[in-house]
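In what follows, a single structure is set out as structure tokens and then discussed.
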Amino acid sequence: MNRSFHKSQTLRFYDCSAVEVKSKFGAEFRRFSLDRQKPGRFEDFYKLVVHTHHIANTEVTIGYADVHGDLLPINNDDNFCKAVSSANPLLRVFIQKREEAEHCSFGAGSLSRRRRPLALREDGPRRRTHLHIGLPHDFRPVSSIIDVDIVPETHRRVRLYRHGCQKPLGFYIRDGTSVRVAPQGLEKVPGVFISRMVPGGLAESTGLLAVDDEVLEVNGIEVAGKTLDQVTDMMIANSHNLIVTVKPANQRNNVVRGSRASGSSGRSSDSIASRHSLPAAHVLQNLPPDEMESDEEADVVLEGVLEPRLAPRPPPGSLARVNGAGLAPGVHSPGREGSVQRLLSSLRSDPRHSLALPPGGVEEHGPAVTL
Amino acid sequence: MMKFRFRRQGADPQREKLKQELFAFHKTVEHGFPNQPSALAFDPELRIMAIGTRSGAVKIYGAPGVEFTGLHRDAATVTQMHFLPGQGRVLTLLDDDSLHLWEIVHHDGCAHLEEALHFQAPSRPGFDGASGLPSLAHITVVLLVAVGDMAALGTEGGSIFFLDVPTLTLLEGQTLGPDEVLRSVPDDYRCGKALGPVESLQGHLRDPTKILIGYSRGLLVIWNQAARCAERIFLGNQQLESVCWERSGHTVVSSHSDGSYAIWAADTGDSPTVQPTVATTPYGPFPCKAINKVLWRSCASGEHFVIFSGGMPRASYGDRHCVSVLQAETLVTLDFTSRVIDFFTVHSTRPEDEFDEPQALAVLLEEELVVLDLQTPGWPAVPAPYLAPLHSSAITCSAHVANVPAKLWARIVSAGEQQSPQPASGASSWPITGGRNLAQEPSQRGLLLTGHEDGTVRFWDASGVALRPLYKLSTAGLFQTDCEHADSLAQAAEDDWPPFRKVGCFDPYSDDPRLGVQKVALCKYTAQMVVAGTAGQVLVLELSDTPAEQAVGVASLDLLQDREGFTWKGHERLSPRLGPLPWPAGFQPRALIQCLPPAAVTAVTLHAEWGLVAFGTSHGFGLFDYLRRSPVLARCTLHPSDSLAMEGPLSRVKSLKKSLRQSFRRIRKSRASGKKRMVTGSKLQEANAQLAEQAGPQDVEVTPVQRRIEPRSADDSLSGVVRCLYFADTFLRDAAHHGPTMWAGTNSGSVFAYALEVPAAVAGGEKRPERAVEAVLGKEVQLMHRAPVVAIAVLDGRGRPLPEPYEASRDLAQAPDMQGGHAVLIASEEQFKVFTLPKVSAKTKFKLTAHEGCRVRKVALATFASVACEDYAETCLACLTNLGDVHVFSVPGLRPQVHYACIRKEDISGIASCVFTRHGQGFYLISPSEFERFSLSARNITEPLCSLDVRWPRDATRVSHRSRESPKLSQANGTPGIILAPQSRDGSPDPICKEADTLEPPEAMLSPMSIDSATSADTTLDTTGDMTVEDVKDFLGSSEESEKNLRNLSEEEARACAILIK
């Protein structure tokens, strides 16, 4: 691969606002430039790319290498702008035929892995299955194995991201007895175990939890000495961001420490998923985890149309206003409130939306509600 | 990347010291009537009374405020109790044949009841039988002879043993066997038959050597213990029930199983006496039930009293619980609503007095204590200053009002007096007056309000140790109920024989369950209150000192607000009586608001200053201006997919049953399909199945109840239930202007805040101008965790809760700080959160469930005063969890301060009934009839402080004999005490605590149990208004899994039980 980007310095030098683009399709390179301030729209860029590569009648996907060397997609105006503005100094663009691209995943480290063509070629037969796996921007984190570096190898700390997932968490727990090694030999102690998986539920689909796994901790709190009900309540209370430390019943799939350089969560979960072909344990690691932490519990606040006290009275027909004299339901403008209700229930149905709310919450202007 | 936030405070020694000065946990006193009483005793010298219960509790009562409680180590039924007169000691007999000697000892000037000694009858019938010695198995009666130094024990075998009371040791060689007695009996009476068990032992008042022995077969013997001979013999032939020896000793009265009693002359005639002087069957001639106990009391007037229980005609009145009082020609049949346990008369016991002169008759019933004044003509009932039957109709809700102003107090008391006119000597005629109450006059008046199933609200004086009834408000008169009272009264009057007289107030039968009171709120400054009931009725009442006749305005409020697709399938609304109705002095209705659909009211709040009442049901909430009698607001909180809310409580029962049935069906199906699989399976499967079977026994043991892990979803059933309502004068619009607001919280974690436009009152005028109150939705908060909102409170700029209406304006509380930023504290079942106002953003929070695995059941803001510093106090949040623990958190920091185990977690009705007071105390029901009072505050403790003048020489040896357990630590009725001192001192675990800790009950029977608990869960829903939806849902969830449960019956019963109760 051509690494001599320095040759292009002349180009940059003579127009600061221009971004040099090096576009690669197969073995072919094309070079052109874009305006850093006004990169234009994605569609135009797409046309430009297919035009310069003379592949106008082929469906392609476009990706670029970001500053960390990760292969990230360009498929809308936003990430196109991001790609152009973050180009430092050169924007490296990779073009693939769409059918080929479907099998290569974007994401962290994906670019480096692509450099080992053998790995890709090996799962050639599976290519024909034509699984439709969406692009990374369609993914949200669903689960991960975390704290591999501090949790004993026989245990597994699993994080289930409930937000953004329509699936039920989908597991049941039960009481049981587990055997512990104590100074005086083996002893039986009561424990809490996963008893059932709901088919198609989140827990099952991650493949990280299984029936008869012993639950040791819930969000960092040991369950020893707690009743089944307490553990149930703790799990439900933490269900938006549930972290369970389990001792898997099947100890063969454990992450072996040291086999990988780092115990970063993304890699370990990936490794589990790929090594054992567990279904869809996908993790998007470029979402900063702190973000998940901070807005884990963002309660939705809807502001009414309250005006400062100085105003004589709120405008007539305002939201959820009831005429004090009559209490006839008709006066109560059900339509408008209904719309808020609908909005609120739509918020409820997808709590992820609420996370995206601006910090000021939702503002209402009379009947209309703006997010 | 993962940070688990532990809220562990650094061990700040200063803070720890302060905590000790502020918080301490005590269970202080049990109010109400002991549950399941089984024995009664009275000490005429000290004038104290003892009641024993089936759970082994001993309670001693004297004058109001004088109370002692003890609990036997074994939860066995107390069958008999006997006072050692004047000594403050009581001997108890349990049904396990053990005798216990309790004594009232003084520590630091205050008296406590402690167990001194106990004696277990050596029950070796085989050995004794072989050696020919009579066995001491099955003690039937106990008599204290020789003024308490010796006790005679009558047994089932007919022998009488003698026991040295001070040491509780058997006096060998004094035993009186039936053979010895039979020797004095003529041969024709003997005729080879045994005498039967000893039914009665009576001592002579003046001659302690004589004992009157009654055998079951009917033989009565006056035995001289000194001479060891039978002085007189009465050859009764009817099976004996009880015997009474008249004080002079001349007359003996025996009662029999055929409903007759006989009078025997003891001083004349020859021995053995064959015929009684008089034998009569008072309720004959048709077969009668046994007379269980008879008393003969002489009077100076010559007209003696004969008082007996039972003896009713078997066919016509065999089911009545009666005590008959007969004096000369006057017969009154006291007709009680519950079983008669025992009775005694208060009379002179000085040997030098010639006559008994009974003053009063005290009858202990299963559910109440009734005392009749026998000296006043007509024998009126004396109102008891304590032992009030709280449960005369089942308690459905309770509320506590602290710091009641003296004026309101006097008005309520006077209304109560007008309600039940007392005889002039009312207070003084209470005959049980022993001991002195050393407790100081309570610094403030506390009212406990209990709402009942029959639509009454009872007002109790909860200021001191004795819970005293003050006033009873009945709301039933406002409604037309199906069966009118007049009918039943007319029925009662149909016969004049036997001369029944209804006594007592225990009446568990409700005319109409819709009358049940669900929520009560009282404004103590304006004497206005609101009572809300099961059929969606909300009643605003005001205290009036004069009777009045007036019509009550009725307003209906549709909380569904034209929401489509819902039809109410529950009970109908109560139809109010129209037109003017007479109302006695007391609380008189001003307005009636009917919620539609008529679901039970789940939350209510009153703001007398603004003239507003807010109420919520499972469908929505409403706001009503009761000054102008116009509705202000109605808001539906139903989620569109919530269908369960529309079915009334009845259909919910049905669905519960249905789900049970379904789960049983599923079990059957799964068994059948399991077999099929075995047959058709491949070899591999068969092998696997065999393996599984081999592993089966262990597996079955550990395969228990499953619990589903699923977050609450928006469309959970009953998500629309309004759980709390709150009025506050705070900043909702902007940070510069405060104004009236109303807050509502629902079961699904929604909070609605309304800004209210309340027209200012005209200066000096009571009535507001004719301008309507307006409500505008200001904020709507959806808690992401969706747990039910339990409480809402606004904190002022200094972090203190806002005062109650009128409190600040009448200078009764410090005015709230309106300068600093206000904050709102929202307590859900899972966490507490403080949000800033007017911009609602989270400030502090504590996630209780996430940390502790318990859920919030009750919360209250309470002021905790320091014991060390006179004027230092902190406002804290007290919280009761579903595990029965009480936690205290600082406000507004929400830092955990202390927590204590308070209620057994299996005791759902106890947890549901808990009320906190404003000063760090609380009440909860330990039985349907008893409130346990507890205190979280180190300073504000209401406990019995009393002394008793006992006369008996205390020697040092006895002190060392004393049981290690302090009575304070044990609680009657098996509620766990604090597990601190006794365990550490004697090393052996307290049996009560052990019972609470381990979850293994002795017997196993799952299937009837689960059905049982289904119904019990349901009834508690009805009786205690505060049962949450989760309780039912939990049950549904677990019943769904009952197939698993059934596979391991024995092991899992306890857990299943725990889960159902949760």
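Chains as they are written, first to last, in my numbering: chain R, 19 to 389; chain B, 58 to 1119. Cβ atoms here follow ideal geometry from the backbone N, Cα and C, with glycine treated the same way.
Please report the Cβ distance between residue i and residue j, rounded to the nearest whole angstrom; I am assuming they are in contact, meaning their Cβ atoms lie under 8 Å.
| i | j | result |
| --- | --- | --- |
| residue 560 (chain B) | residue 577 (chain B) | Actually they do not touch by this definition, with Cβ atoms about 29 Å apart. |
| residue 534 (chain B) | residue 638 (chain B) | 7 Å |
| residue 510 (chain B) | residue 601 (chain B) | Actually they do not touch by this definition, with Cβ atoms about 26 Å apart. |
| residue 197 (chain B) | residue 217 (chain B) | Contact doesn't hold; Cβ gap of about 10 Å is too wide. |
| residue 891 (chain B) | residue 836 (chain B) | Incorrect: roughly 15 Å between the Cβ atoms, too far for contact. |
| residue 887 (chain B) | residue 912 (chain B) | 6 Å |
| residue 78 (chain B) | residue 924 (chain B) | 5 Å |
| residue 315 (chain B) | residue 330 (chain B) | Incorrect: roughly 20 Å between the Cβ atoms, too far for contact. |
With H, G and I counted as helix, E and B as strand and the rest as coil, what does DSSP make of residue i?
| i | result |
| --- | --- |
| residue 667 (chain B) | coil |
| residue 919 (chain B) | strand |
| residue 693 (chain B) | strand |
| residue 71 (chain B) | helix |
| residue 898 (chain B) | coil |
| residue 879 (chain B) | coil |
| residue 245 (chain B) | helix |
| residue 100 (chain R) | helix |
| residue 53 (chain R) | strand |
| residue 783 (chain B) | strand |
| residue 155 (chain B) | strand |
| residue 250 (chain B) | coil |
| residue 790 (chain B) | coil |
| residue 271 (chain R) | helix |
Just to confirm, are residue i and residue j a CB contact at a threshold of 8 Å?
| i | j | result |
| --- | --- | --- |
| residue 425 (chain B) | residue 446 (chain B) | yes |
| residue 935 (chain B) | residue 917 (chain B) | yes |
| residue 412 (chain B) | residue 356 (chain B) | yes |
| residue 174 (chain B) | residue 225 (chain B) | yes |
| residue 456 (chain B) | residue 506 (chain B) | yes |
| residue 612 (chain B) | residue 686 (chain B) | yes |
| residue 986 (chain B) | residue 359 (chain B) | no |
| residue 999 (chain B) | residue 521 (chain B) | yes |
| residue 124 (chain B) | residue 1001 (chain B) | yes |
| residue 632 (chain B) | residue 557 (chain B) | no |
| residue 883 (chain B) | residue 948 (chain B) | no |
| residue 775 (chain B) | residue 675 (chain B) | yes |
| residue 108 (chain B) | residue 91 (chain B) | yes |
Going by other Cβ atoms of all chains shown within 10 Å of its Cβ, with 16 needed for buried, is residue i buried or exposed?
| i | result |
| --- | --- |
| residue 812 (chain B) | buried |
| residue 94 (chain R) | exposed |
| residue 243 (chain R) | exposed |
| residue 154 (chain B) | buried |
| residue 202 (chain R) | exposed |
| residue 997 (chain B) | buried |
| residue 875 (chain B) | exposed |
| residue 298 (chain B) | buried |
| residue 962 (chain B) | buried |
| residue 228 (chain B) | exposed |
* Of all the alpha helix (DSSP H) runs that stay within the bounds of the region 565 to 596 of chain B, which reach a length of 4 or more residues? -> Complete alpha helix (DSSP H) runs here, min 4: none at all.
For the region 433 to 506 of chain B, list the alpha helix (DSSP H) runs that are entirely contained and at least 4 residues long, ordered along the chain.
-> You should have 463 to 476.
Inside the region 178 to 258 of chain R only - beta strand (DSSP E) runs reaching at least 3 residues: 189 to 200, 203 to 215, 232 to 236, all fully within the region 178 to 258 of chain R.
Quick check for students: name the residue ranges of the beta strand (DSSP E) that lie wholly in the region 358 to 432 of chain B, counting only runs of 3 or more. Contiguous beta strand (DSSP E) elements confined to the region 358 to 432 of chain B occur at 362 to 367, 378 to 384, 387 to 393, 397 to 403, 417 to 422, 426 to 430, taking only those with 3 or more residues.
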